[in-house]
Amino acid sequence: METPAQTGAQPPLNVNFWEQHYQEGRTRWDLGQPAPPFVSWFQSAKAPPPGKAIVLGSGRGYEAMLFAEQGFEVTAVDFAPSAISEASQAAAERDLVIQFLQRDIFDLVPEFAGQFDYVIEHTCFCAIDPSLRTAYIDLVTELLKPGGELLAIFFTHSRPGGPPFGSTPEQIRQLFEPRFTVMSLEPVTNSVEARRGEEHIGQLRLKAGG
Ligand SMILES: C[S@@+](CC[C@H](N)C(=O)[O-])C[C@H]1O[C@@H](n2cnc3c(N)ncnc32)[C@H](O)[C@@H]1O
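Residue numbers (this note's numbering): 2 to 211.
Dropping the structure here:
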């Protein structure tokens with residue numbers, strides 16, 4: 002798998018970039034709550050059964066805590082020390098057991114290869130440089146157990162530049178379909194106001210031999 006260092010795409014979207022945002026309180030992406038589409042998933046019959054899950058770019062840990070509360074065994078990864086520290090504290094205050102890792106997601110393999118039933122994605126795919134999307138798909142593929150699933154909320158806005166870097170449902174299918182069966186990829190109907198009409202929720206299952 003090609004790493005950020007090999008592609009040369011990392012700066013300025015490195016740990017310092019994100020850590021500085023946390024330290025200066027410039028975290029406009031932060032909803033202060035788990036993403037509503039995941040919350041409503043758990044209130045519906047479509048809710049995925051609990052399993053071992055990893056949250057990529059977990060920020061202040063809202064999705065990690067939501068999935069832990071639903072009985073999932075959760076690992077949450079972010080390379081920004083402030084994000085991990087704040088998320089760990091919030092989880093401890095709720096008596097939630099979550100494995101927090103301060104780590105570059107692209108350094109998770111081989112250590113965590115093949116360990117997870119689920120990869121949870123919310124505003125990490127849109128935070129990395131688009132040149133790393135293939136590496137991201139390699140990563141998700143390698144983290145999952147056979148038949149494992151990516152549960153994702155994709156930021157499908159069409160503005161140029163980023164972060165957040167937008168993507169279209171067509172691009173998502175094109176990128177993932179060689180290795181994943183797209184079980185569902187639907188427009189989100191209960192986004193927060195600022196993201197209304199610009200999110201898709203997806204359940205993508207790793208193909209055999211993916
Ligand atoms: C836009 S924020 C979203 C945070 C969280 N998912 C949320 O929705 O509140 C992107 C997060 O991904 C983290 N991140 C970006 N690239 C990363 C990488 N290569 N490895 C680990 N974390 C990364 C950043 O530190 C930041 O916390």
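Where is the CB? At the ideal position from N, CA and C, for every residue including glycine.
Item, Value
"Beta-carbon proximity check, Phe-117 vs Lys-53, cutoff 8 angstroms", "yes"
"For Leu-151: DSSP bridge partner residues", "Val-120 and Leu-205"
"Rounded straight-line distance, which links the Cα of Trp-30 to that of Gln-1", "This structure cannot speak to residue 1, because the chain is shown only from 2 to 211."
"Integer-rounded CB distance, given that Ala-65 should sit under 8 angstroms from Ala-88", "7 angstroms"
"Host beta strand (DSSP E) of Ile-55 (start-end)", "53-57"
"Endpoints, beta strand (DSSP E) assigned at Ala-24", "Correcting the residue type first, residue 24 is Gln in the shown sequence and not Ala. Looking at the DSSP string, Gln-24 is not in any beta strand (DSSP E); the run it does join, the alpha helix (DSSP H), is 16-24."
"7 angstroms Cβ shell around Thr-157 - same chain, five flanking residues per side excluded", "Gly-167, Ser-168, Thr-169, Pro-170, Glu-199, Glu-200 and His-201"
"Residue environment, Ser-185, which counts as buried when at least 16 other CB atoms sit within 10 Å", "exposed"
"CB of Leu-152 within 8 angstroms of CB of Thr-182, strictly", "no"
"Check: Asp-79 C-beta below 7 angstroms from any heavy atom of ligand 1", "yes"
"Entirely enclosed alpha helix (DSSP H) segments - the segment 76-106, minimum 4 residues", "82-94"
"Which of helix, strand or coil DSSP assigns to Glu-200", "strand"
"Proximity below 8 angstroms, CB of Thr-76 to CB of Leu-97", "no"
"From Val-110, Leu-133 and Glu-178, residue whose alpha carbon lies closest to that of Gly-211", "Glu-178"
"Heavy atom of ligand 1 within 7 angstroms of Leu-67 beta-carbon", "no"
"Where the alpha helix (DSSP H) containing Glu-64 begins and where it ends", "63-70"
"Opening and closing residue of the beta strand (DSSP E) in which Val-183 lies", "181-188"
"Proximity test, Thr-190 beta-carbon vs ligand 1 heavy atom, cut-off 7 angstroms", "no"
"Glu-74 vs Ala-114 beta-carbon contact at 8 angstroms", "no"
"Exposure label - Ala-69; buried when at least 16 CB within 10 Å", "buried"
"Near ligand 1: Ser-59 beta-carbon under 7 angstroms from a heavy atom", "yes"
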